[in-house]
Every structure is written in structure tokens, then in C-alpha cells.
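J.: Numbered by our numbering, the letters in the sequence shown go through residues 2 to 169 in order. After the C-alpha cells below, expect a handful of questions from me.
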Amino acid sequence: MRYPREDTVPWYRQFWPWFLIAPPLAGIVLGVLLVTAATYDPDGMVVSDYSREGRGINQSIERAQFAFSLGLAADVRIEDGKVWLDLRSSVPMPQQKMKLVFMHPTRDQYDQELPLSYDVGRQLYYADLEELEVALWHVHLEPEDGSWRLRGRMTEFDAREISMEPSA
């Protein structure tokens, strides 16, 4: 009489237990990784009050039209941690407090809002600028009262000059 053969190799050294354990274990690990990635850096593009944003579009168009009627345009130059702005107008304009906003295309935590000062000698507006992440930045210029707005965009990742014009 022959007895059935007994394995002397422990279970963890055999193929079939690992073949059955690996897929569910891989699914759990990947699920944890996906949840971690989703909660670590949430999307900043979602607007919570979309109806207010929609009503703001009409105001944005009016501000662009007013800037166009003033003949406004600007050139922005970035050099050595400073941003220099040359504002041009077809009508005489008084010096006014303005802000320049650099908006990251996808991550609002990188946005920078800069209050501009006026350099009388160079006849340019300027502000200190923190190092920008590599991106195609959107740039907005508007006075403190918000009566008009100029918009521009970096055309290259390493651009140091930006042209701004009225745009809704």
C-alpha cells in the first residue's frame, strides 16, 4: 500500500498561494495609493460658487471694454527677482495704485498678487516677485478700484517678457 505524498516545503515557498494572494493585495495597495494621491493635492480649478462667477463675466467684459477705450496696454519684464511694468495709454492717466496677479494655470496655491509701486526715475511700476514655478502663467493687471483690467499670458515656460492687452 502506498501512502499519498506529503509536501515538506512550507506554504509560503509554493507558487499557488502567492498566485491567489497577489491580485487582491495589489488592488489594496493601488487603492491606497490612489486615495492618497487624490487627497494630497486636490484640484484647485473647481469653483464653489459658479453662479457668482457666471455673473462676473459681464463685469469682466465691461472692464475690458473700458481698458480698450482708454487705449491701455502694458509690457511686463521679469528680471532678478523683480517685475517691471510699462503701462501705456492713449489718454493721460494719473499714477494710481495697481496690483499685478500671476495665476498658475492649474494650482491656485502658487498664485501671487503683487501690489505695484511707481519708480519716478524709470517711469515704470515695479514689485518684488517670488520665484515662479515652471508654467504658462496667466497675468492680470488692474487698478485698486477695479475699473479696468489687462490680461496677458506667458507664451513660453521660461518667458521673461509678457505683453498685456484688454481682453475679456
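Heads up, the beta-carbon is just placed ideally off N, CA and C, and yes, glycines get one too.
1) Run through DSSP, which three-state label would E131 get?
2) Considering just the uninterrupted stretch of the beta strand (DSSP E) at F103, what are its terminal residues?
3) Compute the Euclidean distance between the alpha carbons of R64 and R108, then round it to the nearest angstrom.
4) Whole-angstrom Cβ separation of E143 and K100, contact assumed at under 8 Å?
5) Starting from P11, trace the alpha helix (DSSP H) both ways and give me its first and last residue.
6) Note the first and the last residue of the continuous alpha helix (DSSP H) segment covering Y119.
7) When DSSP labels each residue in this structure, what does W17 get in the three-state scheme?
8) On the three-pair Cβ rule with 8 Å, is the stretch 27 to 43 touching the stretch 117 to 136?
9) For R3, is the classification buried or exposed, using 16 other Cβ atoms within 10 angstroms of its Cβ as the cut-off for buried?
10) Sorted by chain position, which residues of the same chain lie with C-beta nearer than 8 Å to L71's C-beta, five sequence neighbours on each side aside?
11) Report the partner residues of L151 according to the DSSP bridge assignment.
12) Just mark V121 as buried or exposed, buried being the case when its beta carbon has 16 or more other beta carbons within 10 Å.
13) If you count every other CB in all the chains shown that lies within 10 Å of the CB of P106, and 16 or more means buried, which is it?
14) Within the same chain, show all residues whose beta-carbon is closer than 6 Å to that of W12, passing over the 5 residues directly before and after it, in chain order.
T.: A quick look at the data gives this:
1) coil
2) M99 to M104
3) 25 Å
4) 6 Å
5) Taken as a continuous stretch (DSSP letters only), P11 belongs to no alpha helix (DSSP H), as it is neither H nor E.
6) Looking at the DSSP string, Y119 is not in any alpha helix (DSSP H); the run it does join, the beta strand (DSSP E), is Q113 to D120.
7) helix
8) no
9) exposed
10) S90, S91, V92, M94 and W149
11) L142 and P167
12) exposed
13) exposed
14) P18
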